[in-house]
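Structure first, commentary second.
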Amino acid sequence: MSAGGDGPVTVLARGEGLAAWRQIADGLAADIEAGRLAGGAQLPTEAALAARFGVNRHTVRRALAALAERGLVRATQGRGTFVETPRLAYPIGRRTRFSEIASKAGREAWGDLIAAGSLPADAPTAEALGIAAGDPILELQTVHRADGTPLSTARTCLPLPRFAGFDRAYAALGSLTRAYAEFGVADYTRLSTRIGARPAAADEAARLDLTPGRVLIVLTSINVDAAGIPIQATRSLFAADRVELVVEGLG
Numbered sequence: 002m003s004a005g006g007d008g009p010v011t012v013l014a015r016g017e018g019l020a021a022w023r024q025i026a027d028g029l030a031a032d033i034e035a036g037r038l039a040g041g042a043q044l045p046t047e048a049a050l051a052a053r054f055g056v057n058r059h060t061v062r063r064a065l066a067a068l069a070e071r072g073l074v075r076a077t078q079g080r081g082t083f084v085e086t087p088r089l090a091y092p093i094g095r096r097t098r099f100s101e102i103a104s105k106a107g108r109e110a111w112g113d114l115i116a117a118g119s120l121p122a123d124a125p126t127a128e129a130l131g132i133a134a135g136d137p138i139l140e141l142q143t144v145h146r147a148d149g150t151p152l153s154t155a156r157t158c159l160p161l162p163r164f165a166g167f168d169r170a171y172a173a174l175g176s177l178t179r180a181y182a183e184f185g186v187a188d189y190t191r192l193s194t195r196i197g198a199r200p201a202a203a204d205e206a207a208r209l210d211l212t213p214g215r216v217l218i219v220l221t222s223i224n225v226d227a228a229g230i231p232i233q234a235t236r237s238l239f240a241a242d243r244v245e246l247v248v249e250g251l252g
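Encoded structure:
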């Protein structure tokens, strides 16, 4: 059963014990798995799918929700529903750069600044940055995309006054590496990374175009400059369906 695109009505099996929404979901899933609906492709509108299957939009909406729960599609507010792209291999090593990782995979990377502000460092952040609790830090809330698909959202903390104005540089450049260059940091390395996982909260899911409860990979990391001075403490939340972590440097 081909379920994508415009065309004649697709006849669903009636009275055989399989709900209409499930048949639609299975048909779309089959098209995705067979490559008839490629990664990144936009699905027809709910109205178009309803007309194709001869059902109401509520039935289509339930089918799309089931596909989103399976990690096969994502709904983007104001844009529509898209087939999920293949997972991005994401190496974790001494030089972890989101923009470089995405570019090597042939995908365009960009970081969106959601919010920024200065505040006193709490004890864990102060320890990570090698400063005293209560010292001022700059906090960034960001979302990182590859070809427009949100892969992660992060809380990044940097010491002040060294990085005063870093938020403006990041907003303009869309990259931590490029923003660091504006502050004289030509290179930096990963001091430590901790990896965990948990379900997405509602606000996190909204930022990542996920259904609430989908699995997130949690990375807690510290970066240092060329002199070994901590410059960045970050907690990143990755959509587990969109990335595959590759831990490097163990051999």
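Quick note on my numbering: the sequence shown kicks off at 2 and runs consecutively.
Glycine included, every Cβ here is placed at the ideal spot set by N, Cα and C.
For residue i, tell me which candidate among the options has the shortest Cα-Cα distance.
{"i": "Ile138", "options": "Ile218, Leu152, Gly112 and Asp168", "result": "Asp168"}
{"i": "Ala110", "options": "Phe99, Ala117, Leu120 and Gly118", "result": "Phe99"}
{"i": "Ala234", "options": "Ala14, Glu128 and Ala39", "result": "Glu128"}
{"i": "Ala122", "options": "Val248, Ala106, Glu140 and Ala116", "result": "Glu140"}
{"i": "Arg88", "options": "Ile102, Gln78 and Arg95", "result": "Ile102"}
{"i": "Ala241", "options": "Tyr91, Leu29 and Gly79", "result": "Tyr91"}
{"i": "Phe239", "options": "Gly197, Gly229, Arg15 and Asp148", "result": "Gly197"}
{"i": "Glu70", "options": "Arg15, Ala20, Ala206 and Asp188", "result": "Ala206"}
{"i": "Phe184", "options": "Pro151, Pro160 and Ala155", "result": "Pro160"}
{"i": "Val130", "options": "Pro151, Arg236, Ile232 and Arg156", "result": "For the sequence presented, residue 130 should be read as Leu rather than Val. Comparing Cα positions, the closest option is Ile232."}
{"i": "Arg146", "options": "Arg208, Asp204, Thr178 and Thr126", "result": "Arg208"}
With DSSP as the reference, identify every bridge partner of residue i, one or two as the case may be.
{"i": "Tyr189", "result": "Asp226"}
{"i": "Phe239", "result": "Ser153 and Ile218"}
{"i": "Ile196", "result": "Leu220"}
{"i": "Ala1", "result": "It is not possible to answer for residue 1, since the shown part of the chain is limited to 2 through 252."}
{"i": "Thr82", "result": "Ala76"}
At which residues does the alpha helix (DSSP H) containing residue i begin and terminate?
{"i": "Asp113", "result": "Run containing Asp113: none in the alpha helix (DSSP H); it sits in the beta strand (DSSP E), Ala110 to Pro121."}
{"i": "Pro92", "result": "Run containing Pro92: none in the alpha helix (DSSP H); it sits in the beta strand (DSSP E), Leu89 to Ile93."}
{"i": "Pro125", "result": "Ala124 to Leu130"}
{"i": "Phe99", "result": "Phe99 to Lys105"}
{"i": "Thr178", "result": "Leu177 to Glu183"}
{"i": "Leu174", "result": "Phe167 to Leu174"}
{"i": "Ala207", "result": "Ala203 to Arg208"}
Span of the beta strand (DSSP E) holding residue i?
{"i": "Arg255", "result": "Here the chain comprises residues numbered 2 to 252, so residue 255 is not present and cannot be evaluated."}
{"i": "Leu246", "result": "Val244 to Val248"}
{"i": "Ile138", "result": "Pro137 to Ala147"}
Residue i and residue j look like a contact to me (Cβ under 8 Å); what is the Cβ gap, rounded to whole Å?
{"i": "Ser222", "j": "Arg191", "result": "6 Å"}
{"i": "Ser193", "j": "Gly112", "result": "Contact doesn't hold; Cβ gap of about 22 Å is too wide."}
{"i": "Leu44", "j": "Val74", "result": "7 Å"}
{"i": "Val84", "j": "Ile33", "result": "6 Å"}
{"i": "Ala180", "j": "Ala170", "result": "4 Å"}
Next item on the list: Any chance you could list the alpha helix (DSSP H) runs of at least 4 consecutive residues sitting entirely within the region 22 to 80, in chain order?
Entry: 47 to 54 and 58 to 70
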